[in-house]
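First the structure, in the form of structure tokens, and then the observations on it.
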Amino acid sequence: MDETGQSFPEVREGVRKLVARFPGPYWQALDRARKYPTEFVTALTEAGWLSVLIPEEYGGSGLGLTAAAAVLEEIHRSGCNGGACHAQMYTMGTILNHGSAAQKAEYLPRIASGELRLQAFGVTEPDAGTDTTRITTFARRDGDHYVVSGQKLWISRAEHSDLMVLLCRTTPRDQAARPSDGMSVLLIDMRQAVGNGLTIRPVRTMINHATTELFFEDLKVPVANLIGEEGRGFRYILDGMNAERILIAAECIGDAKFFIDRASAYARERNVFGRAIGENQGVQFPIARAYVQMTAASLMVDRAAALFEAGQPCGTEANMAKLTASEASWYAADMALQTHGGFGFAEAYDIERKFRETRLYQVAPISTNLILSHVATHVLDLPKSF
Ligand SMILES: Cc1cc2nc3c(=O)[nH]c(=O)nc-3n(C[C@H](O)[C@H](O)[C@H](O)COP(=O)(O)OP(=O)(O)OC[C@H]3O[C@@H](n4cnc5c(N)ncnc54)[C@H](O)[C@@H]3O)c2cc1C
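Just so you know, we're using the numbering used here here: the sequence shown kicks off at 44 and counts up by one.
So, in structure tokens, the structure goes:
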């Protein structure tokens with residue numbers, strides 16, 4: 044911690060310095076063309092910032108989730124978007140925590156060096172939505188292969204990834220002992236799969252997020268690519284979700300800081316009616332409120348990350364961190380747009396782009412209602428409604 048209470052000041056300083064090479068106009072051009080920020084992701088990979096969670100024995104820096112959160116927060120605070128690469132940090136956790144020794148030795152050092160991009164994580168399906176146990180993408184065992192058929196939706200970065208962690212059924216839901224049984228995790232080699240049973244179709248969205256739809260038609264996947272035990276995949280995916288939620292909450296904190304920084308600066312400089320707009324309490328108070336909300340959410344993110352690092356149960360805290368941080372960033376986004384008046388809508392100010400980008404986090408990776416349902420039923424012992 045430094046004197047302002049910020050964790051990992053050297054990490055933050057290093058990230059800030061690097062991402063300063065990717066200012067607003069870089070993101071504006073990509074956003075217009077809906078292009079992937081390859082140079083940005085390469086620079087972060089080469090500097091080692093995406094492998095901080097990989098243990099040193101596999102070539103990473105072996106740091107904890109708080110350090111990874113600091114990296115993503117600074118990326119977002121600087122106006123950049125970690126959505127292009129955050130999965131490279133945490134998706135490998137499925138291999139690290141549940142893979143065999145041979146899988147770890149084969150993949151983790153190459154993920155750490157950036158030789159292999161593990162950026163894609165395939166869970167969501169069009170007909171299952173949030174009800175993951177209803178997925179129907181199926182992997183049928185055929186000798187030393189699985190044969191995969193089905194469809195996934197909203198799978199981000201699939202076109203920019205060498206590997207993908209895929210959740211599919213290996214036992215139909217109605218034949219499994221419990222709905223959450225009978226799902227398995229396969230590691231898909233995208234370089235071999237595309238054109239041989241896997242088709243990727245980009246989905247254009249309101250943000251530049253490289254998200255796609257995937258179609259599997261008898262894709263052959265070696266049994267050696269099964270992670271952990273067949274049928275236990277849902278548990279492995281749930282394990283990884285806490286890290287994802289905490290890290291995305293850190294991105295929201297970074298976004299909120301970006302909006303607060305920009306709004307404060309603009310409110311000091313913009314003169315209307317012969318004085319700075321920031322002299323008006325009607326302008327000041329929303330900025331101050333955004334700061335209060337961001338600070339409170341940030342403490343929740345720190346708490347969830349600390350529990351995660353200590354190996355303690357943290358599902359509720361990870362969810363609450365994601366909820367509070369995504370609401371703080373959205374309040375700050377709306378506040379910054381209002382503070383900028385008409386200029387908030389101009390592409391060159393970056394507010395409208397970040398406004399669109401930060402809205403995602405109330406829907407993905409988990410929507411707010413589902414978090415509230417978790418707290419209601421798991422913490423408050425209220426009856427489950429579905
Ligand atoms: C840009 C983008 C990128 C994404 N990237 C990935 C990715 O890389 N990999 C991946 O697997 N997925 C990804 N997703 C999917 C994302 O996780 C889902 O969109 C999200 O979990 C919500 O699921 P859904 O869209 O199917 O909504 P639905 O499940 O259809 O829900 C729709 C709405 O209804 C509400 N709702 C549903 N059921 C209930 C209930 N019982 N009680 C109260 N409210 C309810 C939800 O809260 C939500 O607001 C991405 C999505 C987007 C938009």
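Each residue gets a CB set at the ideal place from its N, CA and C atoms; glycine is no exception.
{"Query": "Thinking just about the alpha-carbon of each residue, which of 125, 67, 153 is nearest to the one in residue 99?", "Result": "153"}
{"Query": "Using a strict less-than 6 Å threshold between each residue's beta carbon and the heavy atoms of ligand 1, what residues do you get?", "Result": "164, 165, 166, 167, 172, 173, 197, 198, 199, 248, 252, 254, 403, 406, 407, 408, 409, 410, 412, 413, 416, 429"}
{"Query": "Using a Cβ-Cβ cutoff of less than 8 Å, which residues in the same chain neighbour residue 274 once the five nearest sequence positions on both sides are dropped?", "Result": "213, 214, 219, 224, 225, 226, 227"}
{"Query": "When DSSP labels each residue in this structure, what does residue 259 get in the three-state scheme?", "Result": "strand"}
{"Query": "Which same chain residues, not among the five before or five after residue 414, have their C-beta less than 8 Å away from its C-beta?", "Result": "362, 363, 365, 366"}
{"Query": "Applying the 10 Å Cβ sphere with the 16-neighbour rule, what's the burial state of residue 193?", "Result": "buried"}
{"Query": "Inspect the beta-carbon positions of residue 96 and residue 132 and report whether they are closer than 7 Å.", "Result": "yes"}
{"Query": "Can you tell me the Cβ-Cβ gap for residue 301 and residue 129, rounded? I've got them flagged as a contact below 8 Å.", "Result": "That belief does not hold up - the Cβ atoms of residue 301 and residue 129 are roughly 16 Å apart, past 8 Å."}
{"Query": "Kindly give me the distance between the Cβ atoms of residue 77 and residue 200, rounded to whole angstroms, as I take these residues to be in contact under 8 Å.", "Result": "Wrong, their Cβ atoms sit about 13 Å apart, outside the cutoff."}
{"Query": "What does the Cβ neighbour count give for residue 254, buried or exposed, with the cut at 16 atoms within 10 Å?", "Result": "buried"}
{"Query": "Measuring only the C-alpha atoms, how far is residue 89 from residue 155?", "Result": "10 Å"}
{"Query": "Taking three-plus beta-carbon pairs below 8 Å as touching, is the stretch 397–411 in contact with the stretch 294–308?", "Result": "yes"}
{"Query": "Using the DSSP secondary-structure output, state which residues sit across from residue 188 in a beta bridge.", "Result": "185, 265"}
{"Query": "The alpha helix (DSSP H) that contains residue 165, what's its start and end?", "Result": "Not the alpha helix (DSSP H): residue 165 falls in the beta strand (DSSP E), residues 161–165."}
{"Query": "Excluding the 5 residues preceding and the 5 following residue 258 in the sequence, name in chain order all residues of the same chain whose CB lies nearer than 6 Å to its CB.", "Result": "194, 242"}
{"Query": "Tell me the residue span of the beta strand (DSSP E) that contains residue 242.", "Result": "241–245"}
{"Query": "Report yes or no: do the stretch 366–384 and the stretch 336–344 share at least 3 C-beta pairs separated by less than 8 Å?", "Result": "yes"}
{"Query": "Mind checking residue 239: buried by the 16 CB within 10 Å criterion, or exposed?", "Result": "exposed"}
{"Query": "With distance defined between alpha-carbon atoms, name the residue in 262, 142, 419, 57 nearest to residue 110.", "Result": "57"}
{"Query": "Do residue 395 and residue 386 count as a contact pair if the criterion is CB distance below 7 Å?", "Result": "no"}
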